[in-house]
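Enquirer: Submitted below is the structure of interest, expressed as structure tokens.
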Amino acid sequence: MMKLKKKFKIYDPKIKEECAVFGISNSNDASTLTALGLHALQHRGQEGCGIVSYDGEKYHSEKRFGLVGDNFNDEKVIKKLPGKHAIGHNRYSTTGGTALRNVQPFFADTNAGGIGVAHNGNLTNAITLRNKLVQEGAIFYTTSDTETIVQLIAKSKRVKTIDKIIDAIFQIQGGYALVMMTQNTLIGVRDPYGIRPLVIGKLKNSYVLASETCAFDIIGAKFVREVENGEIVYIENNELKSVKPFPPRKIRPCVFEYIYFSRPDSILNGKTAYEYRKNFGAQLAKEDDIKADLVVPVPDSGNAAALGYAEEKRLKFDLGLIRNHYVGRTFIEPSQQIRSLGVKLKLNPNISVIKNKKIILVDDSLVRGTTSSKIVKMLYDAGAKEVHVRIASPEIKFPDFYGVDTPTKKELMAANKSTDEICEFIKAKSLKFLSLNGLYLGMGFDKRNNNYPQLTDHHFTGEYPVKIIDELGEDKVTQLSLLSTASNN
Ligand code: AMP
């Protein structure tokens, strides 16, 4: 029993979701454009993908494991998704069992008609709500907290779908961006703090919703604006409407979108993620006094920061590591053992650049320390004279519960070791992290002033904007173990 309890602790990453969402209204090519949008957002999740369309009479749904380009790449599958409205989803690979039933969008019939739901984020009270719903007789088909949202919408006594959605989102807590579709409405929702991203675009007579602006570029849509924190936007009869049911709050987007998640060419608060990352690298260089021959990025996550660092220090920038582009992100491998191997599968040292050189190796973040330790060894084995690791974000000391898959405190290297100890562990000549103030300076704010915006930065500070409600008691173990079994089916 104790073993089970430990295994199915509430923060088991199995329960987490991190993903991409997309939706388009009023287009003759709705499903094709959704597939393209999802393809541009592939970096947010590679485990599975799905599209739900509505043809004026019926809903259609296709879900697959794997990449969008491998699954939604021909007319045959697109023909199965007719209609002028469509939503789509990319699911992030989590460390637990996988099941096609967990791949989104989800679909449900309610007394107000059908509704499709795609969700990026993580609820901090999903298990609590789920247990309550189960006690009231609800049956759950998946292990995803998105299904909890669907159940709450279906259960609402309100008449209009938009009111049912408001009913549901008043009960959920956490970081979330939702794209939903009913017979005649495309709907986007962003959590009260705007932790997870959601943007609005326009393509001729169509409105588009997506996790990031790079999804607009691929289909030629124009970026209109971000969905605001706590805002519900809905497109009805080709008109964009908005409601803000929550009391007004300052927006607190997740700082990890700036550091790692978003594609470099996506726009966050007026600038590309690339610009922010270059600034983080430049700030890191300003805080650093190390002498070296050249700056080498960890590709691709450290590219922009390394460029910023090299420019600031007027040091040579060179590609000391060559990446195999046919391997996914290291992080998404399911076990620590395979994850370690993953670094080797993905990167190889470029001897011509690094031999006998003093190197500054730049990456965007250090989580478990797997990537850095493997790469440092790789570079020394290939003849580097000195390897100095520089991380363009502060030490991650606190886990995330809003959809960024940074694991339990036990697994977070900086939560358990000092910088010197980490340096010793990864066997680097020296190690330095960007300061928290440097990170904010890189975004154009000085944290020492009172008027800087507070982002969702608990990873470094421990300041969580939304409380974690879910707690696991002895009595809930059986249910969670059942859920886990289901997820393997
Ligand atoms: P680690 O090897 O565990 O220290 O992880 C650090 C590497 O994972 C860096 O190269 C980052 O670019 C990447 N990374 C950081 N945060 C995440 C995340 N939430 N999900 C996936 N990868 C990440």
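So the sequence shown is numbered by our numbering: it starts at 132 and just counts up by one. By construction, the Cβ of each residue, glycine as well, lies at the ideal position given by its N, Cα and C atoms.
#1: Could you tell me whether the stretch 511-520 touches the stretch 486-496, where touching means 3 or more Cβ pairs closer than 8 Å?
#2: Measuring alpha carbon to alpha carbon, tell me which residue in L565, V426 and H191 is nearest G247.
#3: Quick one, which of G361, I318, L340 and F387 has its alpha-carbon nearest E367's?
#4: Is it buried or exposed, E370, if we count other Cβ atoms within 10 angstroms and call 16 or more buried?
#5: Determine the contact status of I218 and L260, defining contact as a CB-CB distance below 9 Å.
#6: Quick one: what does DSSP say N479 is sitting in, helix, strand or coil?
#7: Check whether the stretch 169-182 touches the stretch 256-276, counting contact only when three or more Cβ pairs, one atom from each stretch, lie closer than 8 Å.
#8: Any beta carbon of chain D sitting closer than 9 Å to that of F347?
#9: Please state whether the Cβ-Cβ distance between G306 and V597 is less than 9 Å.
#10: What runs of the alpha helix (DSSP H), each 4 residues or longer, lie entirely inside the stretch 243-278?
#11: The beta strand (DSSP E) with Y121 in it runs from where to where?
#12: Between the C-alpha atoms of L492 and V426, what's the straight-line distance to the nearest angstrom?
#13: Can you confirm whether the stretch 194-211 touches the stretch 251-267 when touching is taken to mean that 3 or more C-beta pairs between the two stretches lie within less than 8 Å?
#14: Let's test the definition: count the other Cβ atoms within 10 Å of the Cβ of S549 and tell me whether it reaches 16, buried, or not, exposed.
#15: What did DSSP end up calling Q282 once you bin it into helix, strand or coil?
#16: Would you kindly check if the distance between the Cβ of S432 and the Cβ of D531 is under 9 Å?
#17: Please report the straight-line C-alpha distance between L510 and P428, rounded to a whole angstrom.
#18: Does the distance between the C-beta of F564 and the nearest non-hydrogen atom of the ligand AMP fall short of 8 Å?
#19: Answer with buried or exposed for P384, where buried requires no fewer than 16 other C-beta atoms within 10 angstroms of its C-beta.
#20: Does the Cβ of L497 lie closer than 8 Å to at least one heavy atom of the ligand AMP?
#21: Helix, strand or coil for N369 per DSSP?
#22: Grab the span of the beta strand (DSSP E) containing L452 for me, first residue to last.
#23: With distance defined between alpha-carbon atoms, name the residue in I506, R454 and S566 nearest to I527.
#24: I need the DSSP call for V310, collapsed to helix, strand or coil.
#25: May I ask you to list the residues that DSSP assigns as paired with S184?
#26: Counting beta carbon pairs with one atom in the stretch 566-579 and one in the stretch 408-424, are three or more of them shorter than 8 Å?
#27: Give the straight-line distance between the Cα atoms of I553 and D419, rounded to the nearest whole angstrom.
#28: Measure from the alpha carbon of R380 to the alpha carbon of each residue in F392, N360 and V374, then state which is nearest.
#29: Flag this pair as yes or no: are the beta carbons of L169 and A346 separated by less than 9 Å?
#30: Give me the Cα-Cα distance between M574 and K475, rounded to the nearest whole angstrom.
#31: Is DSSP giving K409 helix, strand or coil here?
#32: Ends of the alpha helix (DSSP H) at A166?
#33: With DSSP as the reference, label K353 as helix, strand or coil.
#34: For the ligand AMP, any of its heavy atoms closer than 8 Å to the Cβ of D424?
Expert: So, from the data block:
#1: yes
#2: For the purposes of this step, residue 247 is identified with residue 116 of the sequence shown, where counting begins at 1. Nearest of L565, V426 and H191 to G247, Cα basis: H191.
#3: On the sequence shown, position 236 is the one that residue 367 refers to. It is I318.
#4: Counted from its first residue, the sequence shown places residue 370 at position 239. So E370 counts as exposed.
#5: If you number the sequence shown from 1, residue 218 lands on position 87. If you number the sequence shown from 1, residue 260 lands on position 129. No.
#6: Mapped onto the sequence shown, residue 479 falls at position 348. It is a strand residue.
#7: no
#8: No chain D is present in this structure, which holds just one protein chain.
#9: Locating residue 306 in the sequence shown gives position 175, where the first residue counts as 1. Locating residue 597 in the sequence shown gives position 466, where the first residue counts as 1. For G306 and V597, yes; Cβs fall inside 9 Å.
#10: 257-266
#11: The chain is shown from 132 up to 620; residue 121 falls before or after that span and cannot be answered.
#12: Indexing the sequence shown from 1 puts residue 492 at position 361. Indexing the sequence shown from 1 puts residue 426 at position 295. Looking at the two C-alpha atoms, the distance is approximately 6 Å.
#13: no
#14: Reading the sequence shown from its first residue, position 418 is the one you call residue 549. With fewer than 16 other Cβ atoms within 10 Å, it is exposed.
#15: Here residue 282 refers to the residue found at position 151 when the sequence shown is read from its first residue. Helix at Q282.
#16: Sequence index remark: in the sequence shown, residue 531 carries index 400 (1-based). Sequence index remark: in the sequence shown, residue 432 carries index 301 (1-based). No, they are not a contact pair.
#17: In the sequence shown, the residue the question calls residue 510 occupies position 379. In the sequence shown, the residue the question calls residue 428 occupies position 297. Going by the C-alpha atoms only, they are around 12 Å apart.
#18: By 1-based counting over the sequence shown, the position of residue 564 is 433. Every heavy atom of the ligand AMP is 8 Å or more from the Cβ of F564, so no.
#19: In the sequence shown, the residue the question calls residue 384 occupies position 253. P384 should be labelled buried.
#20: The residue you call residue 497 lines up with position 366 of the sequence shown. Answer for L497: yes, Cβ within range of the ligand AMP.
#21: To locate residue 369, count along the sequence shown from 1; it is residue 238. Coil.
#22: Counted from its first residue, the sequence shown places residue 452 at position 321. L452 -> beta strand (DSSP E) spans L452 to R454.
#23: Position 396 of the sequence shown, counted from the first residue, corresponds to residue 527. The shortest Cα separation from I527 among I506, R454 and S566 belongs to S566.
#24: Residue mapping note: residue 310 aligns to position 179 of the sequence shown, counting from 1. Looking at V310 - three-state DSSP - the assignment turns out to be strand.
#25: The residue given as residue 184 occupies position 53 in the sequence shown. DSSP output for S184 lists H191 and A217 as bridge partner(s).
#26: yes
#27: Locating residue 553 in the sequence shown gives position 422, counting from the first residue. Locating residue 419 in the sequence shown gives position 288, counting from the first residue. Cα to Cα, I553 sits roughly 18 Å from D419.
#28: Numbered from 1 along the sequence shown, position 249 holds the residue referred to as residue 380. Of F392, N360 and V374, the residue nearest in Cα terms is N360.
#29: The count along the sequence shown starts at 1 and reaches residue 169 at position 38. The count along the sequence shown starts at 1 and reaches residue 346 at position 215. Result yes, Cβ atoms of L169 and A346 sit closer than 9 Å.
#30: Locating residue 574 in the sequence shown gives position 443, where the first residue counts as 1. Locating residue 475 in the sequence shown gives position 344, where the first residue counts as 1. Roughly 33 Å separates the two Cα atoms.
#31: Sequence index remark: in the sequence shown, residue 409 carries index 278 (1-based). In the structure shown, K409 sits in a helix (DSSP, three-state: H, G or I).
#32: Residue 166 sits at position 35 when you count from the first residue of the sequence shown. That run of the alpha helix (DSSP H) goes A161 to A171.
#33: For the purposes of this step, residue 353 is taken as the residue at position 222 of the sequence shown. In the structure shown, K353 sits in a strand (DSSP, three-state: E or B).
#34: Within the sequence shown, numbered from 1, the residue matching residue 424 stands at position 293. No - the ligand AMP has no heavy atom lying nearer than 8 Å to the Cβ of D424.
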